[in-house]
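Asker:
In our numbering, the protein residues as written are 7 to 273.
1) Can you tell me which of the three DSSP states residue 30 falls into?
2) Between which two residues does the beta strand (DSSP E) harbouring residue 42 extend?
3) What did DSSP end up calling residue 195 once you bin it into helix, strand or coil?
4) Considering only the alpha carbon of each residue, which of 129, 80, 136 and 109 lies closest to residue 222?
5) Just mark residue 273 as buried or exposed, buried being the case when its beta carbon has 16 or more other beta carbons within 10 Å.
6) To the nearest angstrom, how far is it from the Cα of residue 249 to the Cα of residue 266?
7) Under the DSSP definition of a beta bridge, which residues are partnered with residue 144?
8) Are the beta-carbon atoms belonging to residue 149 and residue 178 less than 8 Å from one another?
9) Is residue 174 near residue 145, with beta carbons less than 8 Å apart?
10) So, is residue 75 buried or exposed, given that buried needs 16 or more other C-beta atoms within 10 angstroms?
11) In this structure, how does DSSP classify residue 268 when only helix, strand and coil are distinguished?
12) Please classify residue 11: is it buried, with 16 or more other beta-carbons within 10 angstroms of its beta-carbon, or exposed?
13) Does the contact criterion of 3 or more C-beta pairs under 8 Å hold for the stretch 152-166 versus the stretch 203-221?
14) Please report the residue range of the alpha helix (DSSP H) in which residue 221 lies.
15) In this structure, what does DSSP give as the bridge partners for residue 22?
16) So what does DSSP say about residue 234, is it helix, strand or coil?
17) For the 8 Å Cβ check, are there 3 or more pairs between the stretch 61-73 and the stretch 234-247?
18) Can at least three beta-carbon pairs, one atom from the stretch 38-57 and one from the stretch 106-124, be found at a separation below 8 Å?
19) Which of the three DSSP states, helix, strand or coil, is assigned to residue 153?
20) Assuming residue 258 is part of the alpha helix (DSSP H), what are its boundary residues?
21) May I ask you to report which of helix, strand or coil DSSP gives residue 65?
22) Does residue 79 come out as helix, strand or coil in the three-state DSSP assignment?
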């Protein structure tokens, strides 16, 4: 089996750090409201790949620097004098990012420190879990400038009900954190002063779970979405059998009967 070689990555538009088993990726363009330029999206792909292949990482947090989580695409990109073919391939990076986020095998938590708009809305939807500041607002305002949220629509409708998502896309209006919880975009919201402690507590809880259980479970979750119901049932049965071969499952069952916390190794 080929071993993925980890090399330090220098980022211009992101901050990347790891504390114990938790990696944090921060979009670091506060002066541009953390807009998603082409280079920023490329760096996000690199950062997630770094976290994916770092065996010490069990949980990944995504957040933004400053008062805004992410305001979406950098509209300067629409003014660049490049061919539509080049523009198409630039946008492909965002599509690839969303696909790659479903293949991490590690849970992702979105720490929504402020407004999440357009592509930022999509990033919230792409994470497995999301906790937001009370003051955060969410929206897909693309229609207001004559565009449509094409690049995030598929991931959005895997997270929110059709009518709720369609209203946001058609009107371009924003919703508050309460409404974001109601439609299933985020898990909960807390005062900004409590956001770090709430996210850290959730990350610590997830990091204590079996890494192999998480990996196989997340892989199964995303793969079964595109299967017919009979195929999904059969596939999930096979995945459970595979999980039964792991040392972590044996450790989990043993710890249960011994009335102690399990010591998972990810094997």
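Even for Gly, the Cβ is constructed at its ideal location relative to N, Cα and C. Here the structure is a predicted model, which is why all the values come from computation and not from measurement.
Answerer: Taking the definition as stated:
1) Residue numbering aside, residue 30 sits at position 24 when the chain shown is read from its first letter. Strand.
2) Here the question's residue 42 lines up with position 36 in the chain shown. Premise fails: residue 42 is in no beta strand (DSSP E) and is neither H nor E.
3) Numbered from its first residue, the chain shown carries residue 195 at position 189. It is a strand residue.
4) The residue labelled residue 222 in the question sits at position 216 within the chain shown. Comparing C-alpha distances from residue 222 to each of 129, 80, 136 and 109 shows the shortest one belongs to 109.
5) The residue given as residue 273 occupies position 267 in the chain shown. Burial call: exposed.
6) Position 243 of the chain shown, counted from the first residue, corresponds to residue 249. Position 260 of the chain shown, counted from the first residue, corresponds to residue 266. When rounded, the distance between both Cα atoms is 21 Å.
7) Working through the chain shown from its first residue, we reach residue 144 at position 138. DSSP lists 122 and 181 as partners of residue 144.
8) Taking the first residue of the chain shown as 1, we reach residue 149 at position 143. Taking the first residue of the chain shown as 1, we reach residue 178 at position 172. Closer than 8 Å, so yes.
9) In the chain shown, residue 174 corresponds to position 168, counting from 1. In the chain shown, residue 145 corresponds to position 139, counting from 1. Contact flag set, yes.
10) Residue numbering aside, residue 75 sits at position 69 when the chain shown is read from its first letter. Flag for residue 75 reads buried.
11) Taking the chain shown and counting its residues from 1, one reaches residue 268 at position 262. Three-state result, residue 268: coil.
12) Working through the chain shown from its first residue, we reach residue 11 at position 5. Confidence at residue 11 is low in this model, with a pLDDT of 49, below 50, so its placement is unreliable and no value can be given for it.
13) These segments do not touch.
14) Your numbering for residue 221 matches position 215 in the chain shown. Its alpha helix (DSSP H) spans residues 217-230.
15) Within the chain shown, numbered from 1, the residue matching residue 22 stands at position 16. Residue 22 pairs with 31.
16) What you label residue 234 is simply residue 228 of the chain shown in a count that begins at 1. Of the three classes helix, strand and coil, the one that applies to residue 234 here is coil, per DSSP.
17) no
18) yes
19) Residue 153 sits at position 147 when you count from the first residue of the chain shown. If DSSP states are grouped into helix, strand and coil, residue 153 belongs with coil.
20) Here residue 258 refers to the residue found at position 252 when the chain shown is read from its first residue. Residues 253-263.
21) Taking the chain shown and counting its residues from 1, the one referred to as residue 65 is at position 59. If DSSP states are grouped into helix, strand and coil, residue 65 belongs with the strands.
22) Counted from its first residue, the chain shown places residue 79 at position 73. Strand at residue 79.
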